[in-house]
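One structure is given below, encoded as structure tokens.
Protein chains in written order, with UniProt numbering: chain P, 1 to 406; chain W, 1 to 406.
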């Protein structure tokens, strides 16, 4: 038996929940191309999502069917709970060909097993379901009635099982270590890439008790004027006195993420950064205190909005999003967002990344936490001081690993 | 001026080559969603491809237009050569919304600037151009005539400039170090994740002279029976005596890749692995010797095929592919493949990853090289022994870093 991350009972429940939603949507066959959804239902794990692949859930069939590249079929055999006759490999000449497309093979396979004319759900807005993939399927399965089922499985994923939460707690332990490694490395004259190296080393090695998996996003490390925007990575520039550095990273354990962001300053923060940080930290603390089951996403965001408005600030971008299992390029689940207009009701065992980052034309500040909705409030998964860190370590405000900041 | 990786002259030439191909295809407006193509033409760099974004090339306009999320617009200002009035940010409430889609914004923007009814090229099979993205564009721009331009810019990218080759040579230096770090770490009782940590550390820190960028694929590290398939990553299992380990990784410098694969064995290789490795290494050497300008991709593959057929072996999957600039999830360029049927003619300054990996039901072997087509042959970018490595180091066949193996 393969070393599956979850019990067969848990997989059965996931399939059950998925089929319930398929029935509600009137869908008989569901074609999943989001690697996180494929993994969630089957256990399939591998960096093969750069070629088309799919998990097919058929309402009447107990087990889903995996369709993928032939050289990855052994990977499916070794990482899923599926019976080997539920793995359908396509020949290699379908890969990145000018005249053949893997979706032709998929359509032919579905036709062969009698699924050519069904109400068929597809993940229209999943990264790995291209416009071309859909065109090919439609052309080759003219009698199928296609229907958009983007996020159908993602919505099942929103409320975590106890085992999933255990994985996210482990991911948070790794996030603490990775953040600590990054902050400890930042100093004048040190290159940004060497700080990135310390962080990724900590992310993969994890703890002595359990190892780390690769996060769906590499460390985001903008510094200096690049702190005006959140998604820049690093260069080999050496840091200089006075630089601000944003660190957004995640710990990842068996594909489950606990993201966290902090802000560091080499030397003393400018008044601009100090003032903004104060607002962000206070807002983050107040908003986390307000989280509880029954509150909506937009109500959570309103607490934040009110908190910073009193100080004269406004954040246009969303405050956070549902988080957990994922593959590159994103650790977010794309379901609920903490923002005006999102009326998703928070339930126990949902998990969110609350990231009150604020970016202006020449500077920015980020501090974030991943939290679990509990029976009567929330649990912040990582234990890490909520402060602006002065680097290098030892020069003042830095706290040792594991000391709580809030 | 931003720290661009290439001269303005080089960007101008790239735009010129792109427009020539647009004219040949009868396309007036080209919507690029492949992050590598966006970067290639504009310099744009950031981990923001998890939300829709685009570079618009208009035949009559000197500069392309960047359209992306508002919080990434400063990233575009800081990493591209585009005039700020060519950056069009969309508000955050378009992100992962149930009712708004960034492509609605894109369509409205194109309409506003008079590009609503043109012959419009889209990258139908690019990861980040979903079926939904295309539907939205079509619905909102009913008078545009859409046309598939997948790989149009990728084909421009195939022949590298001297500067690009310099970057790939640097990437190869990093690949050597990363491979060395991985091999050095493998030993009985060491966890797979700790080997991954050493590799990624080496990938990011690079060399004392230049730092590393994140490769588009994390280290692929299947071991034991998982060597039957190439795309598995790692777990926290400790290696045991007798394990075979496949290591496929890349060095990356400023988004340019030099991938390399090697196979390690803890202790002595089995006869199966030893025999297969001999065939693979000989085939790799013979095939690299045959590379020269004017030969086609399928002729290169035939050299390999003949070489291993004489020993009674057959490899079904392609032997390699064009490589260079890229972003997750793939470092391949998706243009030419070394396989039967691909008649692409090799030209000086093309670069390929030749990966004669062979995977059977319980074991496999991989050894690969990235090569540059030169005026009269090829140059292998990395210098690393072409051998099966016996780990831990010092136990026999292992060579020091930098010693040539072929």
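Ideal Cβ positions, reconstructed from N, Cα and C, are used throughout, including at glycine.
Margin query: According to DSSP, simplified to helix, strand and coil, what is residue 402 of chain W?
Written below: At residue 402 of chain W the pLDDT is 38, less than 50, meaning the model places this residue with poor confidence and gives no usable figure here.
### Query
Is the Cβ of residue 132 of chain W closer than 8 Å to any Cβ of chain P?
With 8 Å as the cut-off, residue 132 of chain W counts as an interface residue toward chain P.
To the nearest angstrom, report how far apart residue 47 of chain P and residue 379 of chain W are at their CA atoms.
Spanning the two alpha carbons is a distance of roughly 29 Å.
Please report the distance separating the alpha-carbon of residue 220 of chain W from that of residue 261 of chain W.
Spanning the alpha carbons of residue 220 of chain W and residue 261 of chain W requires a straight line of approximately 9 Å.
Next on the checklist: With DSSP as the reference, identify every bridge partner of residue 54 of chain W, one or two as the case may be.
Outcome noted: Within the DSSP secondary-structure output, residue 54 of chain W pairs in a beta bridge with W:67.
Mind listing, in chain order, the continuous beta strand (DSSP E) runs of no fewer than 3 residues lying wholly within the stretch 247 to 284 of chain W?
Counting only runs of 3 or more, we get 256 to 266.
Which chain W residues are close to residue 218 of chain P, counting only those with a beta carbon under 7 Å from its beta carbon? The answer, in chain order, is 47 and 214.
Note down the Cα distance separating residue 19 of chain W from residue 343 of chain W, rounded to an integer number of angstroms. Going from the Cα of residue 19 of chain W to the Cα of residue 343 of chain W covers about 24 Å.
Just to make sure I have the definition right: I need the residues of chain P whose C-beta is within less than 7 Å of the C-beta of residue 344 of chain W. Which are they?
None at all; the shortest Cβ gap to chain P is about 10 Å.
Tell me which residues share the same chain as residue 116 of chain P and place their Cβ nearer than 7 Å to its Cβ, disregarding the 5 neighbours each side in the sequence. Contacts found: 110, 141, 143 and 144.
- Are any of the Cβ atoms in chain P nearer than 8 Å to that of residue 236 of chain W? Contacts with chain P at 8 Å (Cβ-Cβ) include residue 236 of chain W.
Fill in: Alpha carbon of residue 74 of chain W to alpha carbon of residue 78 of chain P, nearest angstrom
For residue 74 of chain W and residue 78 of chain P, the distance between alpha carbons rounds to 44 Å.
query = Would you report the Cα separation of residue 414 of chain W and residue 291 of chain W, rounded to the nearest angstrom?
reply = Residue numbering for chain W in the displayed model covers 1 to 406; residue 414 of chain W lies beyond these limits and cannot be assessed.
* From the beta carbon of residue 120 of chain W, is the nearest beta carbon of chain P less than 8 Å away? -> Not one chain P Cβ lies under 8 Å of residue 120 of chain W.
Requested in this report: Note the first and the last residue of the continuous alpha helix (DSSP H) segment covering residue 205 of chain W.
Outcome: Looking at the DSSP string, the run of the alpha helix (DSSP H) that includes residue 205 of chain W is 192 to 205.
| task | Please confirm if residue 36 of chain P has its CB atom under 8 Å from at least one CB of chain W. | result | Closer than 8 Å: no.
Do the stretch 205 to 214 of chain P and the stretch 225 to 232 of chain P make contact, defined as three or more Cβ pairs closer than 8 Å? Verdict: no, contact absent.
Of the choices W:152, W:166, W:155 and W:91, whose alpha-carbon is the least far from that of residue 255 of chain W? Closest by alpha carbon: W:166.
Report, in whole angstroms, the separation of the C-beta atoms of residue 350 of chain W and residue 319 of chain W, which I expect to be a contact under 8 Å.
-> No, residue 350 of chain W and residue 319 of chain W are not in contact; Cβ-Cβ is about 15 Å, not under 8 Å.
In chain P, which residues lie less than 7 Å from residue 204 of chain W when you measure between Cβ atoms? Neighbours of residue 204 of chain W on chain P, chain order: 193, 196, 197 and 200.
Comparing C-alpha positions only, which one of P:23, P:28 and P:244 sits nearest to residue 388 of chain P? Here the closest residue by C-alpha is P:244.
Practice prompt. Output the distance between the C-alpha atoms of residue 358 of chain P and residue 59 of chain W, rounded to the nearest integer angstrom.
Written response: Their Cα atoms are separated by approximately 37 Å.
field: Within chain W, the residues that residue 71 of chain P reaches when beta carbons sit closer than 7 Å
entry: For residue 71 of chain P, the residues of chain W that pass the 7 Å Cβ criterion are 229, 230, 317 and 359, in the order they occur in the chain.
_Looking only at its chain, what residues have a beta carbon closer than 7 Å to the beta carbon of residue 403 of chain W, apart from the 5 residues adjacent to it on each side?_
Interpretation of residue 403 of chain W is limited by its pLDDT of 38, a score under 50 that renders its predicted location unreliable; no figure is taken from the coordinates.
| query | Buried or exposed: residue 5 of chain P, going by 16 or more other Cβ atoms within 10 Å of its Cβ? | reply | When all chains shown are included, residue 5 of chain P counts as buried.
Go ahead and pull the three-state DSSP assignment for residue 162 of chain P. If DSSP states are grouped into helix, strand and coil, residue 162 of chain P belongs with the helices.
Counting only runs of 4+ residues fully inside the UniProt domain "Creatinase N-terminal" (14 to 159) of chain P, write out the alpha helix (DSSP H) ranges in chain order. Correct list: 35 to 42, 70 to 79, 102 to 112, 131 to 140 and 152 to 157.
- Of all the options W:230, W:297, W:286 and W:311, which has the alpha carbon lying nearest to the alpha carbon of residue 321 of chain W? Of the residues W:230, W:297, W:286 and W:311, the one whose Cα lies closest to the Cα of residue 321 of chain W is W:297.
Item to check | Residue-level contact to chain W via CB, residue 240 of chain P, 8 Å cutoff | outcome: Judged by the 8 Å Cβ criterion, residue 240 of chain P is not in contact with chain W.
8 Å contact criterion, which residue 248 of chain P and residue 123 of chain P should meet: CB distance rounded: Here residue 248 of chain P is actually not in contact with residue 123 of chain P; their C-beta atoms are around 27 Å apart, not less than 8 Å.
For residue 396 of chain P, name the three-state secondary structure that DSSP assigns. Confidence at residue 396 of chain P is low in this model, with a pLDDT of 44, below 50, so its placement is unreliable and no value can be given for it.
Q.
If we define contact as Cβ-Cβ less than 8 Å, is residue 83 of chain W a contact residue for chain P?
A. For residue 83 of chain W, no Cβ of chain P is located within less than 8 Å of the residue's own Cβ.
Original post:
If we call anything under 8 Å between Cβ atoms a contact, is residue 118 of chain P one with residue 28 of chain P?
Top reply: With a cutoff of 8 Å on beta-carbon distance, residue 118 of chain P and residue 28 of chain P are scored as near each other.
Going by C-alpha distance, which of P:158, P:96 and P:374 is nearest residue 133 of chain P?
When each option's Cα is compared against that of residue 133 of chain P, the closest is P:96.
**Request:** Just mark residue 84 of chain W as buried or exposed, buried being the case when its beta carbon has 16 or more other beta carbons within 10 Å.
**Result:** Residue environment: residue 84 of chain W is assigned as exposed (fewer than 16 neighbouring CB atoms within 10 Å of its CB, all protein chains considered).
Consult DSSP for residue 231 of chain P and reduce its assignment to one of helix, strand or coil.
Residue state, collapsed to three classes: coil.
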